[in-house]
Amino acid sequence: MELDGLGLTYPGPPPVTALHPCELRLEKGEFVTIVGPSGSGKSSLLNILGLLDTPTRGTYRLGGTDTSTLSESRRAALRGREIGFVFQAFHLLPHRTAQENVELAMVYRRTPRRVRRAKAAEVLARVGLAHRAHALPTHLSGGERQRVAVARALVAQPALLLCDEPTGNLDSETAASVLDLLEGLHRDGMTVLVITHDPQVAARGRRVLTIRDGVLDETVPEAVTPW
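If you're matching positions, the sequence shown starts at 1 in UniProt numbering and goes up one per residue.
Structure follows, in structure tokens:
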């Protein structure tokens with residue numbers, strides 16, 4: 001991932017700068033966290049990194065591809081191929097089992113049913129939930145639901161795992177177990193980027209950046225302080 005002079009300004013009136021021009025290089029296999037308070041520009045940055053929004057200046061290259069040159073359909077294809085999302089709210093379908101929720105990530109790729117089942121079972125085992133594959137989300141703990149969400153993100157084998165406040169709805173012990181899972185994925189070679197408001201979560205990153213008032217800066221874990 002490469003950001004060169006990337007910025008976002010909403011037209012208004014008056015114009016509002018959500019993200020000031022910034023630079024960022026993220027190498028394959030890194031574990032990076034970005035921490036900032038509410039209103040700091042985290043959501044704007046997340047939407048750009050996830051190819052859900054387009055910057056108003058600068059360039060964003062993902063895997064060497066300049067995303068600003070792509071049509072909306074090609075952006076969607078790149079997003080589906082290269083990026084896995086993990087959200088604070090899980091976004092699981094309540095009347096589908098854990099395995100079915102993971103399988104749904106492959107439906108729009110027209111993956112054969114037998115292949116979907118095998119891949120879903122494999123990633124659920126990877127996140128430690130093989131024994132809960134047939135449970136409904138309503139019968140899972142918060143930590144288990146987030147692990148299902150991670151499995152759903154992993155099943156397409158993305159190049160980048162983009163996590164938006166992945167521990168925001170979890171107690172401290174459960175949050176630690178989810179962060180341990182992300183660290184394990186990082187050790188296995190996955191590229192992980194976590195956006196959070198929690199300095200303790202941010203400190204888990206191998207690189208830590210802060211964002212405040214739309215300004216993105218690199219720091220070190222020891223320098224991260226509560227808002």
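By construction, the Cβ of each residue, glycine as well, lies at the ideal position given by its N, Cα and C atoms.
According to the DSSP assignment, residue 180 belongs to the alpha helix (DSSP H) that extends over 172 to 187.
Separation of residue 113 and residue 120 (C-alpha to C-alpha, rounded to the nearest whole angstrom) is 10 Å. By the criterion of at least three beta-carbon pairs nearer than 8 Å, the stretch 140 to 152 is in contact with the stretch 76 to 94.
In the assembly as shown, residue 157 is an exposed residue. Its beta-carbon has fewer than 16 other beta-carbons within 10 Å. DSSP places residue 143 in the uninterrupted alpha helix (DSSP H) bounded by 142 to 154. Residue state for residue 52 is assigned as coil, using DSSP reduced to three classes.
DSSP places residue 127 in no alpha helix (DSSP H); its state is neither H nor E. The Cβ atoms of residue 18 and residue 44 sit closer than 8 Å to each other. Residue 75 carries a helical assignment under DSSP once its states are collapsed to helix, strand and coil.
By the Cβ test, the stretch 187 to 200 is in contact with the stretch 39 to 59, since at least three Cβ pairs between them sit closer than 8 Å.
84 is the residue among 60, 84 and 174 whose C-alpha sits nearest the C-alpha of residue 154.
The residues 51, in chain order, have a CB closer than 8 Å to that of residue 76 in the same chain once the five nearest residues on each side in sequence are set aside.
Taking a contact as a CB-CB distance under 8 Å, the pair residue 135 and residue 97 counts as one, their CB atoms being some 6 Å apart. Each residue's CA atom was taken as its position, placing residue 33 and residue 20 some 19 Å apart. Taking the Cα positions, residue 13 is about 23 Å away from residue 22.
Boundaries of the beta strand (DSSP E) around residue 162: 160 to 164.
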